[in-house]
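*Asks:* Here you go, one structure.
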Amino acid sequence: MDGSTSTAVTTGLAPLLATREILIFCGSGGVGKTTIAAAAALAVVKNSSAKVMVLTIDPARRLADALGLESLGNVETRVPDAALIDAGVAPKGELYAAMLDTKASWDDLVTRYAPSQEVADNIFSNDLYHNITSRFIQSHDYIAMERLFQLHSSGVYDLIILDTPPTRHAVDFLDAPKRMADFFGGRLLRWLTLPYRTGGGRGGRLINIASKPFLKIADRILGNAFVEDIAEFFINFQSMYDGFVERSKAVEQLLHDRRTSFVVTTTLEGAPLREAEAYCEQLNNRNLPLGALVLNKVLPDFLRDSLGQKASAVFSDNPAAVAKAIASKGADQSEMDAIARVLKTAADTFMNYSLVAEREFELKVELSKRPEMMAAVPLLVDDVHDLAALAQIGDRLWAS
Amino acid sequence: MTTAHQPNQSSKSTSHWLDRRLVLFTGKGGVGKSTVAAATALLAAEQGKRVLLIDVDSTGNLAALFEHPEVGFIPTEIYPGISAMQMDTEDSLREYLNLQLRLPLAGRVGPLANAFDFIASAAPGVKEILTMGKICWEVRESLEKRAPWDIVIVDAAATGHVISQLDSPRAIRELVKVGPVANQTEWVIEMLADPLITELHIVTTPEEMPVSETIDLVKSLKTRVDVPLGNIIVNRVLPEPFNRADADIFSNLETTNSLAAIEKTAGLGGKKVLAAASLAVSLRRSQSKHIAYLRQSVDLPLVYLPYLFIRDHGLRVTRVVSEALGYEMGTGG
């Protein structure tokens, strides 16, 4: 495929990729967000001498392999220059990658911020800790923000590219740090755990169930041992409260900083596009800087070619005449019929794809009226799972 | 145009699939899970069944697939024979407290939302059990003739989350060994495991990530959750433009002599038409590779739905998918 996607309405993201310190890639499922984020990182390394970290959430196995994440996962890993050169990229900068492992990141966090080893051990040994970190969906959102903050405040990287978690509520994950801080500081939790803190430790029933209607219900629904477990867990976790609040404020600030931009990725199909528009609107409502739109898997422009449309009409209306012109001298009728059939199918195929390409083009033109930068990445026949293919996409992102 | 796949007549599990009382759909985000759930609802309604369609993911445009405005927690008729509701775990808790535990207290506990947030955050699985509980409760009510549904169709959580949802009754039972909740997880677990009542279908597309997520999901479902599995519905399958003989003829068209003849009779655009067909062949080949891998990796029946060139979304699409689904699955019953 020649990849001749129109360059008329797209500009490429070079100015954004070259100047930001944090780029957050959002988009609905299935649009290729992870691939686009990785390709963007590669483009920056190819074109500038920056140290770039791409933090991916759930890459396809072979893409993870390509980035050298197979065994290391949660740990930041440098993609070797040799691998980049093999893929045809002469890197000016350095490319690093990491995959977000929620459980491992939580363990790190507790180890780092618990006031003492004893508290950390208590947390690790509580049954609820495992449940919270592995099952509680929002914990994934929280940990992504936490990692972003850590990486940025390490001062090691010029640019951090974050592939966002699949979330059911668009950009809600951005609120995760604040929600976590609110939760630990909430009156409800303080009030709930009070009998424990004054009573001093476990053993015996320290909660006076009868005094609190809420606990009475919780107890009736969940059973008392469970309520006690919960309380103990949160008392331990609360010891890290100050840290949660502090970092949540810092993250909030970082997201609104001029050095940060959001990039929304979408395909030009109905449902993903509607979701992308919702993302844009929500970012706008929160006063967060939307920097660019990436249109992925765009059909090539030759499908909208007017000469092609004319030719397909000829193929379709009079395939026998074209077949006759093509067929070799001695061809019999059945051979001619077969060629005519193939021509008719080719014409039908052209018209089908043409229709979709036309729909896509109209949407693209409409989107180009938005103020954000825009890049279009052509539909690739093969899946992207090596650095060479990523580099190809990266070029389209850099200068579309 | 030839289609590569004949209607699926092979396996028992495809027959009478609409006679289940609870039909769930999951799949990776973006594969068209909601469309397939909506199409199934339409198919059932056209057989005269009264359908409850439950939207679990709150991206909530299920009603839009019937050109109907958004709906809430209370089932609302969105199409003749189809009522839809949007899952809301807080409403579900309220209903549960009132109906199941007969706790009129609930209204006086102050802001229920706070308490709920607390429970739901502290005890993972609570939101999930409230979702599964509400779904199964509707099924039970209908079995006992207290609710009008002949079939409850669920646009369930995406692959990443569906296991914790289906597994939540068991997870809660482990955490909470006694009390009314523990008792009530029992019948939910039983209902979900009953092959005469429940069936879970997985929707995917013939692409790398959706296929690999489907394979992983089937593995975890089989080891972690006791829910009868139905079909894998492969959505948006591109047509195979040419059979083998025609493919040879097609590649001959791209030779210099043929091309010259084509351009003479059909103009310079002839080359573009061939390029489009060639692109279609490559895209389909890539899909076939993923389908073949899927087929060899899972032992569930595969059902194919065509890619739609004509329309993108809306009731028209729901209707076309519904017809294709009826044809592929057999209307059963």
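Keeping their order, the protein sequence lines are chains A and B. Sequential numbering from 632 applies to the first sequence in our numbering. Sequential numbering from 1126 applies to the second sequence in our numbering. Just so you know, even glycine gets a beta-carbon here, dropped at the ideal spot from N, CA and C. None of the values given here were measured: they were computed from a predicted structure.
Determine, for residue 1162 (chain B), whether the minimum Cβ-Cβ distance to residues of chain A falls below 8 Å.
*Replies:* Residue numbering aside, residue 1162 (chain B) sits at position 37 when the second sequence is read from its first letter. So no, residue 1162 (chain B) is outside the interface.
*Asks:* Any idea which residues DSSP pairs residue 1150 (chain B) with across the strands?
*Replies:* Taking the second sequence and counting its residues from 1, the one referred to as residue 1150 (chain B) is at position 25. DSSP, once it has assigned bridges, lists B:1280 and B:1326 as partnering residue 1150 (chain B).
*Asks:* Near residue 966 (chain A), which residues of its chain fall below 7 Å by C-beta distance, leaving aside the five closest residues on each side in sequence?
*Replies:* As a position in the first sequence, residue 966 (chain A) is number 335, starting the count at 1. The residues are 958.
*Asks:* Do residue 709 (chain A) and residue 736 (chain A) come within 8 Å of each other at the CB atom, strictly closer than that value?
*Replies:* Position 105 of the first sequence, counted from the start, is the residue given in the question as residue 736 (chain A). Position 78 of the first sequence, counted from the start, is the residue given in the question as residue 709 (chain A). For residue 736 (chain A) and residue 709 (chain A), no; Cβs fall outside 8 Å.
*Asks:* Evaluate contact between the region 917-933 of chain A and the region 890-909 of chain A, counting only Cβ atoms and requiring at least three cross-stretch pairs below 8 Å.
*Replies:* yes
*Asks:* Is there contact here, the region 1442-1452 of chain B with the region 1155-1165 of chain B, by at least three beta-carbon pairs under 8 Å?
*Replies:* yes
*Asks:* Is residue 924 (chain A) near residue 670 (chain A), with beta carbons less than 8 Å apart?
*Replies:* What you label residue 924 (chain A) is simply residue 293 of the first sequence in a count that begins at 1. What you label residue 670 (chain A) is simply residue 39 of the first sequence in a count that begins at 1. No; because the gap between Cβ atoms is not below 8 Å, this pair is not in contact.
*Asks:* With the cut-off set at 8 Å, would you say residue 1362 (chain B) and residue 1278 (chain B) are in Cβ contact?
*Replies:* As a position in the second sequence, residue 1362 (chain B) is number 237, starting the count at 1. As a position in the second sequence, residue 1278 (chain B) is number 153, starting the count at 1. Not in contact: residue 1362 (chain B) and residue 1278 (chain B) (Cβ atoms no closer than 8 Å).
*Asks:* Which same chain residues end up closer than 7 Å to residue 974 (chain A) when comparing Cβ atoms and leaving out the 5 residues on each side of it in sequence?
*Replies:* Locating residue 974 (chain A) in the first sequence gives position 343, counting from the first residue. Taken in chain order, the residues that qualify are 946, 950, 953 and 954.
*Asks:* Cβ of residue 1049 (chain A) less than 8 Å from any chain B Cβ?
*Replies:* Since the displayed chain A opens at 632 and closes at 1031, residue 1049 (chain A) lies outside it and no answer follows.
*Asks:* Which residues in chain B sit within 7 Å of residue 953 (chain A), going by Cβ to Cβ distance?
*Replies:* If you number the first sequence from 1, residue 953 (chain A) lands on position 322. Going along chain B in sequence order, the residues near residue 953 (chain A) (Cβ under 7 Å) are 1387, 1390 and 1391.
*Asks:* What does the alpha-carbon distance come out to for the pair residue 908 (chain A) and residue 1316 (chain B)?
*Replies:* The residue given as residue 908 (chain A) occupies position 277 in the first sequence. The residue given as residue 1316 (chain B) occupies position 191 in the second sequence. Those two C-alpha atoms are separated by around 40 Å.
*Asks:* List the residues of chain B whose Cβ lies closer than 8 Å to the Cβ of residue 773 (chain A), in chain order.
*Replies:* Residue mapping note: residue 773 (chain A) aligns to position 142 of the first sequence, counting from 1. Those do not exist, as residue 773 (chain A) stays about 11 Å from chain B at its closest Cβ, beyond 8 Å.
*Asks:* Pick from A:756, A:922, A:706 and A:731: whose alpha carbon is nearest that of residue 863 (chain A)?
*Replies:* One-based indexing of the first sequence puts residue 863 (chain A) at position 232. Here the closest residue by C-alpha is A:756.
*Asks:* For the region 1312-1334 of chain B, which residues have a CB atom closer than 7 Å to at least one CB atom of chain A, in sequence order?
*Replies:* 1333 and 1334
*Asks:* Closer than 8 Å, Cβ to Cβ, to anything on chain A: give me those residues from the region 1192-1203 of chain B, in chain order.
*Replies:* none
*Asks:* In terms of alpha-carbon separation, which member of B:1387, B:1336, B:1202 and B:1292 lies closest to residue 1351 (chain B)?
*Replies:* To locate residue 1351 (chain B), count along the second sequence from 1; it is residue 226. Looking at the Cα atoms, B:1292 is the closest of the given residues.
*Asks:* Can you pull the chain A neighbours of residue 1153 (chain B), defined as C-beta to C-beta under 8 Å?
*Replies:* The residue labelled residue 1153 (chain B) in the question sits at position 28 within the second sequence. Here the neighbours are 660 and 661.
*Asks:* Tell me, please, whether the CB atom of residue 981 (chain A) is closer than 8 Å to any CB atom in chain B?
*Replies:* The residue given as residue 981 (chain A) occupies position 350 in the first sequence. Yes, contact with chain B.
*Asks:* Determine the chain B residues that contact residue 1027 (chain A) at a beta-carbon separation under 7 Å, and present them in chain order.
*Replies:* What you label residue 1027 (chain A) is simply residue 396 of the first sequence in a count that begins at 1. Within 7 Å Cβ-Cβ: nothing; residue 1027 (chain A) doesn't reach chain B, min ~18 Å.
*Asks:* Please check if any C-beta of chain A sits within less than 8 Å of the C-beta of residue 1267 (chain B).
*Replies:* Counted from its first residue, the second sequence places residue 1267 (chain B) at position 142. Taking Cβ atoms only, chain A never reaches closer than 8 Å to residue 1267 (chain B), which makes this a no.
*Asks:* Among the candidates A:790, A:641 and A:652, whose CA atom is the shortest distance from the CA of residue 890 (chain A)?
*Replies:* Sequence index remark: in the first sequence, residue 890 (chain A) carries index 259 (1-based). Of the listed residues, the one whose Cα sits closest to residue 890 (chain A) is A:652.
*Asks:* For residue 752 (chain A), is the classification buried or exposed, using 16 other Cβ atoms within 10 angstroms of its Cβ as the cut-off for buried?
*Replies:* Taking the first residue of the first sequence as position 1, residue 752 (chain A) is located at position 121. Under this definition residue 752 (chain A) is an exposed residue.
*Asks:* Answer yes or no: do residue 1018 (chain A) and residue 714 (chain A) have a C-beta to C-beta separation smaller than 8 Å?
*Replies:* As a first step, residue 1018 (chain A) must be located in the first sequence, where it is residue number 387. As a first step, residue 714 (chain A) must be located in the first sequence, where it is residue number 83. Yes; because the gap between Cβ atoms is below 8 Å, this pair is in contact.
*Asks:* Against chain B, which members of the region 874-896 of chain A pass a CB distance test of less than 8 Å?
*Replies:* none
*Asks:* Using the three-state DSSP reduction, which class does residue 642 (chain A) fall into: helix, strand or coil?
*Replies:* The residue given as residue 642 (chain A) occupies position 11 in the first sequence. Residue 642 (chain A) falls in the coil class under three-state DSSP.
*Asks:* Determine the direct distance from the alpha carbon of residue 788 (chain A) to that of residue 679 (chain A), and round the result to whole angstroms.
*Replies:* Numbered from 1 along the first sequence, position 48 holds the residue referred to as residue 679 (chain A). Numbered from 1 along the first sequence, position 157 holds the residue referred to as residue 788 (chain A). For residue 679 (chain A) and residue 788 (chain A), the distance between alpha carbons rounds to 13 Å.
*Asks:* Considering residue 872 (chain A), what are the terminal residues of the alpha helix (DSSP H) in which it resides?
*Replies:* Here the question's residue 872 (chain A) lines up with position 241 in the first sequence. 872-887 is the span of the alpha helix (DSSP H), which, as asked, contains residue 872 (chain A).
*Asks:* Determine the closest residue to residue 1205 (chain B) out of B:1192, B:1224, B:1421 and B:1213, with distance taken between C-alpha atoms.
*Replies:* As a first step, residue 1205 (chain B) must be located in the second sequence, where it is residue number 80. Considering only alpha carbons, the answer is B:1192.
*Asks:* Nearest to residue 1200 (chain B) by CA position, among B:1258, B:1359 and B:1179, is which residue?
*Replies:* Taking the second sequence and counting its residues from 1, one reaches residue 1200 (chain B) at position 75. The residue with the shortest Cα to Cα distance from residue 1200 (chain B) is B:1179.
*Asks:* Determine the burial state of residue 1154 (chain B): buried for a count of at least 16 other Cβ atoms within 10 Å of its Cβ, exposed for fewer.
*Replies:* Locating residue 1154 (chain B) in the second sequence gives position 29, counting from the first residue. With 16 or more Cβ atoms within 10 Å of its Cβ, residue 1154 (chain B) is classed as buried.
*Asks:* Nearest-angstrom Cα distance between residue 733 (chain A) and residue 1455 (chain B)?
*Replies:* On the first sequence, position 102 is the one that residue 733 (chain A) refers to. On the second sequence, position 330 is the one that residue 1455 (chain B) refers to. Computed Cα separation, rounded: 43 Å.
*Asks:* Could you list the residues in the region 987-1005 of chain A with a C-beta less than 8 Å from some C-beta on chain B, going in chain order?
*Replies:* Answer set for the region 987-1005 of chain A: 987 and 990.
*Asks:* Taking just the CA atoms, how far does residue 1427 (chain B) sit from residue 1420 (chain B)?
*Replies:* Position 295 of the second sequence, counted from the start, is the residue given in the question as residue 1420 (chain B). Position 302 of the second sequence, counted from the start, is the residue given in the question as residue 1427 (chain B). In this model, residue 1420 (chain B) and residue 1427 (chain B) are separated by some 7 Å (Cα to Cα).
*Asks:* Going by alpha carbons, who is nearest to residue 1009 (chain A) out of A:979, A:934 and A:659?
*Replies:* The residue you call residue 1009 (chain A) lines up with position 378 of the first sequence. Closest by alpha carbon: A:934.
*Asks:* Can you determine whether any heavy atom of the ligand FAD sits closer than 7 Å to the C-beta of residue 813 (chain A), and answer yes or no?
*Replies:* This structure lacks the ligand FAD, and indeed carries no ligand of any kind.
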